[in-house]
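Student:
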Amino acid sequence: MKEHRNKLRLCRMTDIEKQPTPEKMEGGASEATFAPPPYPTDPASMPQAAPYMPPPYPYDPTVYPVYPPVPWGGDVPSPAQEINIQDSPAGGAESEIGASATACVMSGFDDKTVRRAFIRKVFSVVTVQLLVTFSIVCVFTFSETVKDAVQDNIWIYLSSYIIFMVVALALTFSSSLSRKHPWNFISLSVVTLSLSYMVGTVASFHDTTAVTIAMGATLVISFSIIVFSAQTRVDFTVCNGILIVLAVDLLMFGFFSTFYYSNVLQIVYGCLGALAYALFLVVDCQLVMGRQKYSLNPEEYVFAALIIYLDIITIFLYILIILGGSSKS
Numbered sequence: 001m002k003e004h005r006n007k008l009r010l011c012r013m014t015d016i017e018k019q020p021t022p023e024k025m026e027g028g029a030s031e032a033t034f035a036p037p038p039y040p041t042d043p044a045s046m047p048q049a050a051p052y053m054p055p056p057y058p059y060d061p062t063v064y065p066v067y068p069p070v071p072w073g074g075d076v077p078s079p080a081q082e083i084n085i086q087d088s089p090a091g092g093a094e095s096e097i098g099a100s101a102t103a104c105v106m107s108g109f110d111d112k113t114v115r116r117a118f119i120r121k122v123f124s125v126v127t128v129q130l131l132v133t134f135s136i137v138c139v140f141t142f143s144e145t146v147k148d149a150v151q152d153n154i155w156i157y158l159s160s161y162i163i164f165m166v167v168a169l170a171l172t173f174s175s176s177l178s179r180k181h182p183w184n185f186i187s188l189s190v191v192t193l194s195l196s197y198m199v200g201t202v203a204s205f206h207d208t209t210a211v212t213i214a215m216g217a218t219l220v221i222s223f224s225i226i227v228f229s230a231q232t233r234v235d236f237t238v239c240n241g242i243l244i245v246l247a248v249d250l251l252m253f254g255f256f257s258t259f260y261y262s263n264v265l266q267i268v269y270g271c272l273g274a275l276a277y278a279l280f281l282v283v284d285c286q287l288v289m290g291r292q293k294y295s296l297n298p299e300e301y302v303f304a305a306l307i308i309y310l311d312i313i314t315i316f317l318y319i320l321i322i323l324g325g326s327s328k329s
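For the sequence shown, the UniProt record's numbering gives the first residue as 1, with consecutive numbering after it.
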């Protein structure tokens, strides 16, 4: 009887050892081995649980939980899952707010919008400058008292010329001055007033009819050139170097004309000068409008107004030279 019990015990142990492990039943790669009894009861050989940490718990650095391996071979979920905020009501509102903010930024810094605002600002400043200058010219021309006072005090003309050269060169070569408000407008106002006094002094030595014709011709020529610059597809900005060479030649021509003065030579010099600065006005208008290869920075609106204003005033002075030579002849 005792031997029969031992045989049954051995058969049961054999059947237990032949049973498949969970890894083998689920398609695992390895087979688990079971140690036969008796099992160890020593506390040192038993698996130790993680020590308990009492609150408060640390916030930084963030410790992500370690996920156990999935027995069926699936992917382990990542600690930080990507959340689709558009599926939730709050996420949809945030996405709409972000989209509208992006649209506002794009529309606020759109190139066409900025360029149009820049053009309006430049030509508004130039219009105010021309109104101030031609008003002073009319006063210096039509008022005999002011005309006599201006012609008797040439030192004021020389002082205005020095002030004009210093401030104009500072605005041209100092980008910080031309962009810093309100010093850029103060400097531009000084340039406008000083040049207006100079032009008014020059106009006081000419006939009233000649000055009136010169002002009318200058306004018509300038307006026509601005409209032409806005409509034409011909790029005059690439010819800026050629125009500088022509300006230097014109300067030398005027210098030698002082030694061989004649009325015909004065008319030719005035025509060439008016033509050269009309081309300069075309180039500067295209630089302001930004439709061609080269364009001015929208932050340089003071410098842009200055160069267009100088082109128009120079055309006016050359037309005065033409009319002065024709009246003497």
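Yeah, the Cβ is synthetic: ideal placement off N, Cα and C, and Gly gets one too.
Please confirm if the segment 218 to 236 is in contact with the segment 315 to 322, defined as three or more CB-CB distances below 8 Å between the two stretches.
Tutor: Touching, yes, given that three or more Cβ pairs across the two stretches are closer than 8 Å.
Student: Is Leu281 closer than 7 Å to Val288 when the C-beta atoms are compared?
Tutor: No, the Cβ-Cβ distance between Val288 and Leu281 is not below 7 Å.
Student: Just how far apart, CA to CA, sit Gln266 and Ala217?
Tutor: When rounded, the distance between both Cα atoms is 18 Å.
Student: Taking the alpha-carbon positions, what's the Met215 to Thr141 distance?
Tutor: The straight-line gap from Cα to Cα measures roughly 12 Å.
Student: Alpha carbon to alpha carbon, what distance is there between Gly273 and Ala99?
Tutor: Confidence is the limiting factor: at Ala99 the pLDDT is only 46, short of 50, which leaves the residue's position unreliable, though a coordinate-based value still follows. If I take the Cα positions, the gap works out to 55 Å.
Student: For Ile312, count neighbouring Cβ atoms within 10 angstroms of its own Cβ and tell me buried if that reaches 16, exposed if not.
Tutor: Ile312 should be labelled buried.
Student: Report buried or exposed for Tyr197, applying the criterion of at least 16 other Cβ atoms within 10 angstroms of its Cβ.
Tutor: Buried, because 16 or more other Cβ atoms sit within 10 Å of the Cβ of Tyr197.
Student: Apart from the five residues on each side of it in sequence, which residues of its chain come closer than 6 Å, Cβ to Cβ, to Ala304?
Tutor: These residues qualify, in order along the chain: Val122, Val288 and Leu296.
Student: Find the nearest neighbour of Ile322 within the set Lys180, Ser178, Asp207 and Asp111, judged by alpha-carbon distance.
Tutor: For the residues Lys180, Ser178, Asp207 and Asp111, the minimum Cα distance to Ile322 belongs to Asp207.
Student: At the level of alpha carbons, what is the spacing between Leu130 and Tyr309?
Tutor: Those two C-alpha atoms are separated by around 7 Å.
Student: For Ser257, collect the residues of the same chain with a Cβ closer than 6 Å to its Cβ; drop the 5 residues on either side in sequence, then sort them by chain order.
Tutor: Closer than 6 Å at Cβ, skipping near neighbours: Leu265 and Tyr269.
Student: For the alpha helix (DSSP H) containing Asn240, name the first residue and the last one.
Tutor: From DSSP, the alpha helix (DSSP H) with Asn240 extends over Asn240 to Ser257.
Student: Would you decide whether Phe185 is buried or exposed? Buried here means 16 or more other CB atoms lie within 10 Å of its CB.
Tutor: Its Cβ having fewer than 16 others within 10 Å, Phe185 is exposed.
Student: Taking a contact to mean a Cβ-Cβ separation below 7 Å, would you say Leu320 touches Ala276 in this structure?
Tutor: Cβ distance not < 7 Å, so Leu320 and Ala276 don't count as in contact.
Student: Going by C-alpha distance, which of Arg179, Asn240, Phe236 and Met165 is nearest Val190?
Tutor: Closest by alpha carbon: Met165.
Student: Starting from Asp235, trace the alpha helix (DSSP H) in both directions and tell me its first and last residue.
Tutor: Premise fails: Asp235 is in no alpha helix (DSSP H) and is neither H nor E.
Student: With H, G and I counted as helix, E and B as strand and the rest as coil, what does DSSP make of Gly290?
Tutor: It is coil, neither helix nor strand.
Student: Assuming contact is defined by CB atoms lying nearer than 7 Å, are Val283 and Phe228 in contact in what I supplied?
Tutor: The answer is no: Cβ separation not under 7 Å.
Student: Within a Cβ cutoff of 8 Å, which residues of the same chain sit near Ala103, ignoring the five residues on either side of it in sequence?
Tutor: Its pLDDT being 37, under 50, Ala103 is placed unreliably in this model, and the coordinates cannot settle the point.
Student: Below 8 Å on the Cβ atoms is my guess for Phe118 versus Tyr301; work out the distance and round it to an integer in Å.
Tutor: That pair is a contact at about 6 Å.
Student: Do you know whose CA, among Tyr157, Thr192 and Asn240, lies nearest Val125's CA?
Tutor: The shortest C-alpha separation from Val125 is found at Thr192.
Student: Using three-state DSSP, classify Phe303 as helix, strand or coil.
Tutor: Reduced to three states, the DSSP call for Phe303 is helix.
Student: Count the other C-beta atoms from every protein chain shown that fall within 10 angstroms of the C-beta of Gly241, then say buried if there are 16 or more, exposed otherwise.
Tutor: Burial call: exposed.
Student: Would you say residue 332 and Val146 are within 7 Å of each other, going by their C-beta atoms?
Tutor: Absent from the model: residue 332. The displayed extent of the chain is 1 to 329, so no value can be given.
Student: For Val238, count the other beta carbons within 10 Å of its own beta carbon; 16 or more makes it buried, fewer makes it exposed. Which is it?
Tutor: By the 10 Å Cβ count, Val238 comes out exposed.
Student: Could you check what DSSP says for Phe280 in three-state terms: helix, strand or coil?
Tutor: Here Phe280 sits in helix by DSSP.
Student: If you run the structure through DSSP and keep just helix, strand and coil, what is Lys180?
Tutor: Coil.
Student: Roughly how many angstroms lie between the CA atoms of Ala149 and Val234, to the nearest whole one?
Tutor: So the two alpha carbons sit approximately 48 Å from each other.
Student: Can the beta-carbon of Arg116 be found less than 7 Å from the beta-carbon of Gly290?
Tutor: Not a contact, by the Cβ cut-off of 7 Å.
Student: If you check the beta carbons only, do Ser187 and Leu171 fall under 7 Å apart?
Tutor: The answer is yes: Cβ separation under 7 Å.
Student: Please give the ranges of any alpha helix (DSSP H) in the segment 142 to 218, keeping only runs that are unbroken, at least 4 residues long and fully inside the region.
Tutor: Runs of the alpha helix (DSSP H) inside the segment 142 to 218: 144 to 152, 154 to 173, 175 to 179 and 183 to 204.
Student: Which same chain residues end up closer than 6 Å to Gly200 when comparing Cβ atoms and leaving out the 5 residues on each side of it in sequence?
Tutor: Correct list, in chain order: Ile136, Val137 and Phe140.
Student: Please report how far the alpha carbon of Asp249 lies from the alpha carbon of Phe259, in whole angstroms.
Tutor: Approximately 16 Å, taken between the alpha carbons.
Student: So, is Ser176 buried or exposed, given that buried needs 16 or more other C-beta atoms within 10 angstroms?
Tutor: Exposed, because fewer than 16 other Cβ atoms sit within 10 Å of the Cβ of Ser176.
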